[in-house]
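Some notes on the structure that comes next.
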Amino acid sequence: MKMGLVTRAFRNLARNKVRMLLVVLALSISIASTFSVYTGIDASNENTQKMIEKADSDTAAMIANATSNTQTLIGNASYNTQAVIDSANASTQGLINNATKTTQAMIDDVNASTQAMIDQVLAETNETIELTERYINATQNETQIQMTRIDVTNATSGRPPKNMPIQGDAIDNISAMTNVSAVIPVVQNNTRMGSGSFDPGSSTGGGGPGGPPGGNGTGGQQNGTQPQRFKTPDYVIEGLPLDAELNATYHLLPVEIVAGDSLAPGDNGTVLLTGDLLKYFKTEVGGVICLNGTNMTVKGVYFNPYSNNTIVMNITDARAILGLGANEASMLMVYATNTSTVNNVTEQILSAYTTFTAQAYMDTQSGTSQFTERMAEQQIQRLKTDRNQQVASLKKSQTAQIAQLDTRLNEQVTTFEDDLTQQIEKLEKDRDEQVQRYNETLDEQVQRYNTTLNDQVSQRQRDKVLMTTIGSIIILVSMVSACLIIFFMMLYTVKERTKEIGLFKALGFSSGNVVGQITVEGTFIGFLGGFFGLVIGVLAGPTISRLVFPSAAAFGVSVFSPVMSLEVVGATVLLGALGSLYPAWNAARMKPMVAMKND
Amino acid sequence: MSDILMTKNLCKVFRKKEHEVKALWKINLKIATGDYISIQGPSGSGKTTLLNMLGCLDVPSSGHVVIDGIDVSKMGEGALTKVRAKKVGFVFQSFNLIPILSAVENVELPLELTKMNKKERRERAEELLELVGLGDRLNHRPGELSAGEQQRVAIARALANKPAIILADEPTGNLDSKTGKKIMALLEELNQKTGTTIIVVTHDKSMAQFTKTMIFLKDGRVTLIKNDQAGFDISKALGLPRNVTNKLIRGGLDTMEKLLAATDKDLKRVPRLNRQNRKRVMEAIEEHRK
């Protein structure tokens, strides 16, 4: 049945060959133009797509280039800034090193000077201690003799009590008394003198007794420049009889000579000084000091832990300086025969001379043989304490100085470091700003590129849309006309074959059969039109395309594509079916009675 | 004999501008299987309308048409189409052959509606063309055939599906009188051979002569039904086949002698023909002669 239908369709189409040819030709031209436009649009759009892709890749390359350049600039800026920072770091480190070095040198100086001072203190103190010890050793045997000593002075009433000079006869008398082994006159400036007596206190204008003699113009070359180092009295002048026998027995002169020589019998115009006095007078062994207008040569330097301000000299020199008479004395040192006769002697003297004062050395010193030793030990102890205190003070000062130096160094270092930090911060800030500027510039550039790209792409897209729209309209018109050609052709055919269709219905063919018959014929016409249209399109396509799309000519027209050809033929077949639907329905509607009508 | 076709109060009314035309009015017919019928009447008497009704090409305004026991008067288009395909064969005045198809293909056409395969269809079509005397014209296109031959092809086509009835609308209208008679004879022959009921619409009396039953229509009504069975049946009387009888009659009076001689021969071949019947044949010939 189907075969019959197809056969009939073929034969029906072959009925009017000229008409068929014309219809197929018209269809072919329509389809060919559709095909050409279609391929033209395709090629054009493809070309546009390529241009868009090229613009895309170009822009991407430009952006990459700009990015790379900016990256280099940022790298350079970073590198330069880093170099400056490194340099600043190095110079700051140098400054810090210098400051540290300087401070260290100063600390070393402080350490060294302190050490020197400590050394000096230690040396001095140790020397004193050593001397004291030697002194103690030297004076240990003397003590027994001193225990028999009675110091006799001519004390006066009044306040304060003052010693009057003891006359020479008194010395002789006392020497003649029983149980007296020796009477030794001593001249001292702390004794109230007679007329024209030595009074340093008055001579210095309120300086007190024993004050420096410089005030009354009797001072030597150091006059007026001597510091007020000593408490009252500044120094004591002690004149002793220079007798070898007495000295050997009673140890009148200082036992410990530190420098120079001790006084010898017959020495005149010479003195022994202590280390302190040497400093006081700023002189040395062999030097000259001026005492109450008399120049005295320093013969030696002695050491006595209990007395550091006594100037020892010949008694005659002392009488001359202090203005005493030839046999007068400030004090008498009376030695009893032994310790048990001391009281007897004292009583004798006091009974003979009522104005005199007799003071047993034994009594004043509590009679203990250990006194001197204890005193010496105390002195040593004191010296040690002083030394320790001095050393501690020096060390404290040293620590304080070092701490100060350290503090200053730290402050300096802090300042340097602060400066460095600020510098680095500024540099980094500058660098960051620069980097930001670079990045902003890059962003602007990229944005500009992208804007340009987008403009280009949208222009191309518009072109594409325009092209597609125009092409679509042309295709639509072609398709519609193809459809109409088939429509009218089939309508005419149905009209022409009215009776035949009526016969089919009368024979018992259903409406569906009739519709199938007409539709197959229309579809077949469509196929023929599509096929020949495709052939013409392929052969004449480029020319038509150039006529329709002058712009597309530049892109070149793809001539043949199996898929597209199938599409075109398929579309035409569908158009054939579509176009013959109404005529077929028209035919199906026909009453079978028309077959009965006679021509 | 059962009725292959029956109508009951069949009416067809056409309306033209508020003016009713009763094309058919209360037609009651009973057509027996195997009958060969002519419907006669003047133009506009409703012949073709009646034929349309009987052929399921149109539906009645009222009344019933029953074909082979099937009431088709209330059927839809689709069902009528199926009934037409199975029960009815058509022969048209203008043959209505498909010009692009050969004779055999034209005959095959209705066979497409059966379950036959191509080969069976082709065999059946050739057989039918053989039957109508066109065994040598199978592959000729209608344009290459004479009018009579074309109508024979059309008749073969009408027979193709072994229909219950064949409706022929003025089958001889486009033919000259001689060819028309041949066609009518062919129909008669086929009616006898195949037993198919044939209804011929014609306004030509000479053609209607070939039929067994004549129905006369006028103004949409049946005016007369003239059945040979009711009167003298020459064929039966002769005891001859109807076509032989018809041959005798067609021969005319001029060839009476020859005919009689021939008849004598024929009569010798038919032993049952008796003397009385012979006499009546002679009388009938005499009547024809008048």
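Chains as they are written, first to last, in the working numbering: chain D, 1 to 599; chain R, 1001 to 1290.
Think of the CB as a built atom: it goes at the ideal place given N, C-alpha and C, for glycine as much as any other residue.
Bear in mind that the values here come from a model prediction, so they are computed numbers and not experimental data.
Chain-order list of residues whose beta-carbon lies under 7 Å from that of residue i (same chain, five-residue window excluded)
i, result
"Lys1047/R", "Ile1039, Gly1041, Val1201 and Leu1217"
"Val594/D", "Thr498, Lys499 and Gly502"
"Glu1077/R", "none"
"Trp585/D", "Val515"
"Asp108/D", "none"
"Asn247/D", "Leu253"
"Val1132/R", "Arg1152, Ile1155, Ala1156 and Leu1186"
"Gln423/D", "Ala88"
Alpha-carbon to alpha-carbon, residue j and residue i
i, j, result
"Gln390/D", "Ile129/D", "15 Å"
"Gly219/D", "Ala259/D", "Confidence at Gly219/D is low in this model, with a pLDDT of 33, below 50, so its placement is unreliable and the value that follows should be read with caution. Distance between the alpha carbons of Gly219/D and Ala259/D: 24 Å."
"Gln146/D", "Glu377/D", "19 Å"
"Gln401/D", "Asn410/D", "14 Å"
"Thr270/D", "Thr316/D", "11 Å"
"Ser197/D", "Leu324/D", "Because the pLDDT at Ser197/D is just 35, under 50, the model does not fix this residue reliably, and the point stays unresolved."
"Thr1197/R", "Ile1027/R", "19 Å"
"Thr92/D", "Leu420/D", "7 Å"
"Thr451/D", "Gln459/D", "12 Å"
"Ala1208/R", "Met1214/R", "7 Å"
"Val342/D", "Ser351/D", "14 Å"
"Asn179/D", "Thr337/D", "5 Å"
"Thr368/D", "Met296/D", "Model confidence at Thr368/D stands at a pLDDT of 49, short of 50, so the residue's coordinates are unreliable; what they give is reported in the following sentence. Between Thr368/D and Met296/D, the C-alpha separation is close to 38 Å."
"Asp42/D", "Arg19/D", "34 Å"
"Ala571/D", "Phe488/D", "18 Å"
"Ala264/D", "Cys290/D", "21 Å"
Cβ of residue i within 8 Å of any chain R Cβ
i, result
"Gly4/D", "yes"
"Pro592/D", "yes"
"Ala595/D", "yes"
"Phe659/D", "Not covered by the structure: residue 659/D. The range shown for chain D is 1 to 599."
"Glu500/D", "yes"
"Met1/D", "At Met1/D the pLDDT is 46, less than 50, meaning the model places this residue with poor confidence; the figure from the coordinates comes in the next sentence. Yes, because at least one Cβ of chain R sits closer than 8 Å to the Cβ of Met1/D."
"Arg19/D", "no"
"Asn12/D", "yes"
Within-8 Å CB hit, residue i to chain D
i, result
"Ile1100/R", "yes"
"Asn1106/R", "no"
"Glu1112/R", "yes"
"Asp1085/R", "With the sequence shown as reference, residue 1085/R is identified as Ala, and Asp is not the correct amino acid for it. With 8 Å as the cut-off, Ala1085/R counts as an interface residue toward chain D."
"Gly1076/R", "no"
"Thr1048/R", "yes"
"Phe1014/R", "no"
"Leu1024/R", "no"
"Phe1090/R", "yes"
"Thr1172/R", "no"
"Leu1159/R", "no"
Beta-carbon spacing of residue i, residue j below 8 Å
i, j, result
"Gly508/D", "Ala1085/R", "yes"
"Ile1098/R", "Gly1148/R", "no"
"Asn308/D", "Asp261/D", "no"
"Leu405/D", "Thr103/D", "yes"
"Gly579/D", "Met490/D", "yes"
"Ala1059/R", "Met1006/R", "In the sequence as displayed, the identity of residue 1059/R is Val instead of Ala. Result no, Cβ atoms of Val1059/R and Met1006/R do not sit closer than 8 Å."
"Ile1199/R", "Ile1165/R", "yes"
"Leu442/D", "Thr67/D", "yes"
"Arg1152/R", "Leu1134/R", "yes"
"Ile311/D", "Ile237/D", "yes"
"Ile475/D", "Ala26/D", "no"
"Cys1011/R", "Ser1045/R", "no"
Beta-carbon proximity list for residue i, same chain, < 8 Å, skipping 5 on both sides
i, result
"Ile171/D", "Val183, Pro185, Asn327, Ala329 and Leu332"
"Ile473/D", "none"
"Val24/D", "Ile525, Leu528, Gly529 and Phe532"
"Leu131/D", "Glu256, Val258, Phe303 and Pro305"
6 Å CB neighbourhood of residue i in its chain, flanking five on each side removed
i, result
"Asn45/D", "Lys464"
"Arg149/D", "Met333, Tyr335 and Tyr361"
In chain order, what are the residue ranges of uninterrupted beta strand (DSSP E) at least 3 long that sit wholly in the segment 334-422 of chain D?
Runs of the beta strand (DSSP E) inside the segment 334-422 of chain D: 356-360.
Note down, one range per segment and in chain order, each alpha helix (DSSP H) of at least 4 residues found wholly within the segment 1056-1103 of chain R.
Here the runs fully enclosed are 1077-1087.
Please list the residues of the segment 503-518 of chain D that have a C-beta atom closer than 9 Å to any C-beta atom in chain B, keeping them in chain order.
Structure shown: chain B not included; protein chains present are D and R.
Ordered list of alpha helix (DSSP H) runs contained in the segment 450-507 of chain D, each at least 4 residues
Counting only runs of at least 4 residues, the segment 450-507 of chain D fully encloses the following alpha helix (DSSP H) elements, listed from N- to C-terminal order: 498-506.
Runs of alpha helix (DSSP H) lying entirely within the segment 20-45 of chain D, each at least 4 residues, in chain order:
As far as the segment 20-45 of chain D is concerned, it has no whole alpha helix (DSSP H) run of at least 4 residues.
4-residue-minimum alpha helix (DSSP H) runs that sit fully inside the segment 265-321 of chain D, ordered along the chain:
For the segment 265-321 of chain D, whole alpha helix (DSSP H) runs of length 4 or above, ordered along the chain, are 275-281.
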